[in-house]
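Start counting the sequence shown at 1; every next residue gets the next number (full-length UniProt numbering).
Think of the CB as a built atom: it goes at the ideal place given N, C-alpha and C, for glycine as much as any other residue.
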Amino acid sequence: RRGGGGGGGRGGRGGEQRWWDPVWRAERLRQKAAEMEVLDEAEWWYKMNQMKKGQEQEMIIKRNFSRSDQQVLSDMAYELGLYLYVSVITSQLHYIYHAYNKGKALVVSKVPLPNYRADLDEHHGSTQKQIQMSTETERRVGNLLDVSRDTKSGDDSGVASSRGATKPLPDVKRIDSVSTIETDSSKEKFSAELKKKQENLNASNSVKAMLSFREKLPAFKGKAEFLKAVAQNQVLVVSGETGCGKTTQLPQFILEEEISSLRGANCNIICTQPRRISAISVAARISSERGENVGETVGYQIRLESKRSAQTRLLFCTTGVLLRQLVQDPYLNGVSHLLVDEIHERGMNEDFLLIILRDLLPRRPDLRLILMSATINADLFSKYFGNAPTIHIPGLTFPVAELFLEDVLQKTRYNIKSEFDNYQGNSRRRRKELDFKKDNLTALFEACIQRWVIPSYAATKDVDIDSEYKNYSASTRHSLEAWSGSQIDLGLVEATIEHICRHEADGAILVFLTGWDDISKVLDKIKVNSFLGDLSKFLVLPLHGSMPTINQREIFDRPPPNKR
Numbered sequence: 001r002r003g004g005g006g007g008g009g010r011g012g013r014g015g016e017q018r019w020w021d022p023v024w025r026a027e028r029l030r031q032k033a034a035e036m037e038v039l040d041e042a043e044w045w046y047k048m049n050q051m052k053k054g055q056e057q058e059m060i061i062k063r064n065f066s067r068s069d070q071q072v073l074s075d076m077a078y079e080l081g082l083y084l085y086v087s088v089i090t091s092q093l094h095y096i097y098h099a100y101n102k103g104k105a106l107v108v109s110k111v112p113l114p115n116y117r118a119d120l121d122e123h124h125g126s127t128q129k130q131i132q133m134s135t136e137t138e139r140r141v142g143n144l145l146d147v148s149r150d151t152k153s154g155d156d157s158g159v160a161s162s163r164g165a166t167k168p169l170p171d172v173k174r175i176d177s178v179s180t181i182e183t184d185s186s187k188e189k190f191s192a193e194l195k196k197k198q199e200n201l202n203a204s205n206s207v208k209a210m211l212s213f214r215e216k217l218p219a220f221k222g223k224a225e226f227l228k229a230v231a232q233n234q235v236l237v238v239s240g241e242t243g244c245g246k247t248t249q250l251p252q253f254i255l256e257e258e259i260s261s262l263r264g265a266n267c268n269i270i271c272t273q274p275r276r277i278s279a280i281s282v283a284a285r286i287s288s289e290r291g292e293n294v295g296e297t298v299g300y301q302i303r304l305e306s307k308r309s310a311q312t313r314l315l316f317c318t319t320g321v322l323l324r325q326l327v328q329d330p331y332l333n334g335v336s337h338l339l340v341d342e343i344h345e346r347g348m349n350e351d352f353l354l355i356i357l358r359d360l361l362p363r364r365p366d367l368r369l370i371l372m373s374a375t376i377n378a379d380l381f382s383k384y385f386g387n388a389p390t391i392h393i394p395g396l397t398f399p400v401a402e403l404f405l406e407d408v409l410q411k412t413r414y415n416i417k418s419e420f421d422n423y424q425g426n427s428r429r430r431r432k433e434l435d436f437k438k439d440n441l442t443a444l445f446e447a448c449i450q451r452w453v454i455p456s457y458a459a460t461k462d463v464d465i466d467s468e469y470k471n472y473s474a475s476t477r478h479s480l481e482a483w484s485g486s487q488i489d490l491g492l493v494e495a496t497i498e499h500i501c502r503h504e505a506d507g508a509i510l511v512f513l514t515g516w517d518d519i520s521k522v523l524d525k526i527k528v529n530s531f532l533g534d535l536s537k538f539l540v541l542p543l544h545g546s547m548p549t550i551n552q553r554e555i556f557d558r559p560p561p562n563k564r
């Protein structure tokens with residue numbers, strides 16, 4: 001029975017809508033007509049003409065036009081070559097008109113349009129759901145997306161399916177080569193362009209000055225040996241002391257050799273770094289040595305940030321970025337050389353990456369893997385990769401002065417308070433607090449300390465401080481007796497920094513601490529320090545992996561004169 005029932009549905013007596021009532025219906029239609037926007041035909045004719053002349057591919061109209069006005073827009077577009085729906089693309093430039101979401105969104109486009117656009121559906125277009133899948137399933141989905149992208153890479157953006165619906169390519173971010181060079185002739189042309197550009201840059205005075213500096217690095221002396229080993233072996237392990245130039249020079253050697261040999265188009269080098277700031281800084285350094293800007297031949301990609309282009313042949317990235325790429329592309333298709341730096345750090349990501357790469361190498365015999373370590377313990381990694389050959393690069397020698405705790409205490413005149421005395425409870429208030437919070441487990445633990453730990457600690461005090469350190473002041477000997485080594489004395493860190501700033505030569509000071517908690521505490525001490533807190537003389541920059549990279553780039557900028 002139409003209109004029956006007491007529900008609130010359409011036609012129900014209890015509902016607000018009464019379409020069965022002629023009077024209510026007429027009034028409602030007048031209201032809806034009043035809500036419709038007035039179509040300015042001249043305005044929209046001008047907009048469509050501007051779109052035709054410009055680079056814009058489509059125009060989305062989210063206006064509440066009546067059906068008659070929508071038909072007027074359709075007629076306008078038709079005069080510019082529009083037809084409402086096509087199944088194939090003609091050779092002429094046409095405008096395609098389509099309405100979505102019950103006419104609430106209109107689209108005028110230069111390419112065919114699908115019957116449905118989720119991005120224009122207010123009910124379903126913005127729906128997002130989080131799903132869980134196994135690693136294998138995620139890998140298969142990623143591979144299918146890659147196949148779909150590769151099959152469509154040669155098509156124009158306006159190519160439609162047999163039903164007239166354009167299928168946009170999935171936006172899958174990869175760290176392989178940005179450029180897609182299809183034919184051999186285009187590859188040869190691109191390789192020639194890269195070689196010519198490199199030769200022109202090498203002829204500039206700035207690059208020549210950089211080259212003279214590079215030639216002084218120990219890594220440069222072994223350039224020929226390194227390139228020969230890379231060409232003859234799939235895996236190479238390189239160990240080199242800090243400052244030998246392995247991080248900045250070895251990837252650059254490969255890049256220069258490939259471009260000079262007209263293999264630049266097929267060259268795609270990836271170098272991993274354990275930290276984001278390292279990836280950015282090394283990319284900037286190599287770009288500077290080549291006389292380029294970051295993002296040209298040399299670029300970087302880290303989480304949520306990337307600087308690269310179609311010409312990028314050497315890409316620095318974090319280990320995590322490469323691991324995510326391996327999920328999408330387990331074979332690293334298109335990658336010619338892979339350098340893994342700082343493998344001696346033995347982090348979880350680094351070790352997991354080495355496991356994956358060892359399984360990948362038999363499937364990619366053309367891939368070259370170079371492992372770089374700052375320690376001489378290269379045999380461990382060599383054996384893991386089937387006794388791969390190793391190369392050792394000696395480091396530069398600089399005058400280094402080692403100061404021990406007693407030397408620092410003597411210079412700074414800093415007094416260490418005895419933590420051992422405090423532990424034994426010289427403070428009555430602290431003893432009361434501990435007794436109040438003490439439980440059976442705590443009591444047992446303290447009993448063990450009293451029985452074994454404290455006598456052992458006392459045994460270490462058998463060293464005669466006065467005779468062993470008789471050449472030091474009495475305050476220094478007292479501080480040595482009070483020092484326990486159980487935690488970092490941040491006051492001593494502050495005093496050491498102040499002493500260097502007051503009495504040592506100019507230059508940057510790098511302080512290594514155990515974590516962000518100690519970093520923030522030292523920062524607070526420096527801010528309230530009457531000498532170090534002078535912002536006109538000192539620039540204090542915290543460095544930590546959790547900080548945004550934009551805040552850490554300041555360390556590479558030279559401070560103004562008379563500012564440390």
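- Taking C-beta separations shorter than 6 Å and ignoring five residues to either side along the sequence, the partners of V235 in its chain run L369, F385, A388, following chain order.
- Annotation: the continuous alpha helix (DSSP H) that includes M51 extends over 41-53.
- Between A374 and E342, the CB-CB gap stays under 8 Å.
- 8 Å or more divides the Cβ of R276 from the Cβ of I259.
- In terms of Cα proximity to E257, the closest of S546, V522, S336, R30 is S336.
- Look at M210 here: in three-state DSSP terms it is helix.
- Here A283 has V294, V298, G299, Y300, F316 as same chain residues with Cβ atoms under 7 Å from its own Cβ, once five neighbours each way along the sequence are excluded.
- With respect to the C-alpha of P542, the residue from E554, S536, D75 having the closest C-alpha is E554.
- In the DSSP assignment, T390 falls within the beta strand (DSSP E) that extends over 390-393.
- Under DSSP, the beta-bridge partners assigned to S306 are Q301.
- For G240, the enclosing beta strand (DSSP E) has its first and last residue at 235-240.
- Distance from the CA of R290 to the CA of S204, rounded to the nearest whole angstrom, comes to 10 Å.
- Between L39 and D75, the gap from beta carbon to beta carbon reaches 8 Å or more.
- If you draw a straight line from the Cα of P22 to the Cα of S66, it is about 22 Å long.
- By the Cβ criterion, the region 236-256 is not in contact with the region 519-534, since fewer than three pairs of Cβ atoms, one from each stretch, lie closer than 8 Å.
- Beta-bridge pairing by DSSP links A495 to no other residue.
- In the three-state DSSP reduction, E56 falls in the coil class, being neither helix nor strand.
- Judged by beta-carbon spacing, N268 lies beyond the 8 Å limit of K187, meaning their Cβ atoms are not closer than that value.
- Taking the C-beta atoms as reference points, T390 is found nearer than 8 Å to A378.
- In the three-state DSSP reduction, F316 falls in the strand class (E or B).
- The alpha-carbon separation between S306 and V321 amounts to approximately 11 Å.
- From the listed residues A401, L490, L354, D466, the smallest Cα separation to N415 is found for L490.
- Secondary structure note for S473: it is in no alpha helix (DSSP H), with a DSSP letter that is neither H nor E.
- Put simply, of H503, E345, G243 the residue whose alpha carbon is nearest the alpha carbon of Q273 is E345.
- Where R368 is concerned, there is no enclosing alpha helix (DSSP H), although the beta strand (DSSP E) around it starts and stops at 368-373.
- Take the alpha-carbon of Y78 and the one of T312: they are about 44 Å apart.
- Its chain contains L490, E494 as the residues whose beta carbon lies nearer than 7 Å to that of K525, once the 5 sequence neighbours on both sides are disregarded; these appear in chain order.
- For T272, there is no enclosing alpha helix (DSSP H); the enclosing beta strand (DSSP E) has its first and last residue at 269-273.
- For G240 and A231, the gap between their C-alpha atoms comes out near 20 Å.
- Boundaries of the beta strand (DSSP E) harbouring S109: 105-109, taken from the DSSP string.
- According to the DSSP assignment, L532 belongs to no beta strand (DSSP E), since it is labelled neither H nor E.
- Taking a C-beta distance under 8 Å as the contact criterion, S475 and R413 qualify as a contact pair.
- In the three-state reduction of the DSSP assignment, I61 falls in the strand class, which pools E and B.
- With three or more CB-CB distances shorter than 8 Å, the region 214-233 counts as touching the region 243-252.
- Taking a 10 Å sphere around the C-beta of E402, we find fewer than 16 other C-beta atoms and assign the residue as exposed.
- Rounded to the nearest whole angstrom, the C-alpha separation of L371 and L357 is 11 Å.
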